[in-house]
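Numbering (my numbering), first residue to last: 231 to 470.
The C-beta atom is built at its ideal place from N, Cα and C for all residues, glycine as well.
So, in structure tokens, the structure goes:
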């Protein structure tokens with residue numbers, strides 16, 4: 231089944247058919263994780279903050295740029311050949327995700343799930359993709375028992391769960407808190423917004439530390455870009 235067909239129909243299918251549709255697109259690509267492959271790549275701009283995504287972990291993105299942060303975490307895995315799924319974000323701009331660098335041809339979008347459909351549909355996604363992004367609307371509807379089963383499945387399959395907003399009954403390994411510092415591009419009341427400076431703060435119970443990192447999310451081209459400090463001095467090495 232073509233990916234575009236899945237995007238159009240997946241949300242309207244009964245649970246059993248929904249599960250078959252997901253598997254038809256990504257089932258054959260289900261992650262087979264070896265011990266040496268316990269991480270997924272992260273965009274180079276984010277690596278000072280998050281060197282890699284640990285398989286089996288759940289990452290929470292909160293703050294004013296939470297959805298953009300979640301998409302940024304999808305860029306490197308999807309560009310590297312992994313599949314991703316986004317659930318419960320019908321307002322997501324696919325064009326903006328593409329500009330950011332997400333390989334949408336390797337991404338399954340599910341606009342909404344009913345309470346009855348959620349267990350089978352989420353299980354199918356976790357079985358078939360490496361990164362699953364869940365909106366607050368989805369996590370708030372998960373019962374504690376379903377949340378535990380979902381995370382157990384993520385851990386056994388070697389995937390990564392990314393939660394946008396409140397985590398509900400899910401247990402969090404890492405939290406990325408975003409705050410927008412400024413938009414640039416307007417001059418004298420006219421022009422176009424070109425880039426947004428976002429400060430990211432990492433809180434991780436397994437890291438025992440808090441780290442901050444500023445990025446352009448998005449940059450002028452729509453992609454994720456580093457913030458270069460003005461007046462930064464580049465050391466020169468004496469050669470003679």
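So what's residue i in DSSP terms, helix, strand or just coil?
i           : result
residue 358 : helix
residue 267 : helix
residue 451 : coil
residue 275 : helix
residue 281 : coil
residue 412 : strand
residue 314 : strand
residue 445 : strand
residue 294 : coil
residue 384 : helix
residue 344 : coil
residue 456 : strand
residue 365 : coil
residue 401 : coil
Cβ atoms of residue j and residue i: under 7 Å apart, would you say?
i           : j           : result
residue 425 : residue 450 : yes
residue 394 : residue 291 : yes
residue 302 : residue 454 : yes
residue 275 : residue 282 : no
residue 299 : residue 380 : no
residue 294 : residue 445 : no
If I measure Cβ to Cβ from residue i and keep anything under 7 Å in the same chain, skipping five residues before and after, which residues do I get?
i           : result
residue 279 : 430, 432, 441, 443
residue 330 : 301, 302, 305, 448, 452, 453, 454
residue 377 : 398, 399, 400
residue 296 : 394, 395, 408
residue 320 : 341, 342
residue 324 : 334
Sorted by chain position, which residues of the same chain lie with C-beta nearer than 6 Å to residue i's C-beta, five sequence neighbours on each side aside?
i           : result
residue 336 : 308, 313
residue 346 : none
residue 289 : 392, 404
residue 315 : 338, 355, 359, 362
residue 385 : 286
Rounded C-beta distance between residue i and residue j? I'm assuming under 8 Å.
i           : j           : result
residue 327 : residue 334 : 6 Å
residue 389 : residue 363 : Between residue 363 and residue 389 the Cβ distance is about 11 Å, and since that is not below 8 Å, they are no contact.
residue 383 : residue 353 : 6 Å
residue 375 : residue 318 : About 19 Å separates the two Cβ atoms, so there is no contact after all.
Enumerate in chain order the residues of its own chain whose CB-to-CB distance from residue i is below 8 Å, with the five nearest sequence positions on each side excluded.
i           : result
residue 348 : 368, 371, 372, 376
residue 459 : none
At least one CB of chain C closer than 7 Å to the CB of residue i: is that the case?
i           : result
residue 442 : Of the protein chains in this structure there is only one, and it is not chain C.
Could you tell me whether the segment 304-311 touches the segment 398-416, where touching means 3 or more Cβ pairs closer than 8 Å? Verdict: no, contact absent.
Would you say the segment 363-376 touches the segment 396-413, given that touching needs at least three Cβ pairs under 8 Å? The segment 363-376 vs the segment 396-413: in contact.
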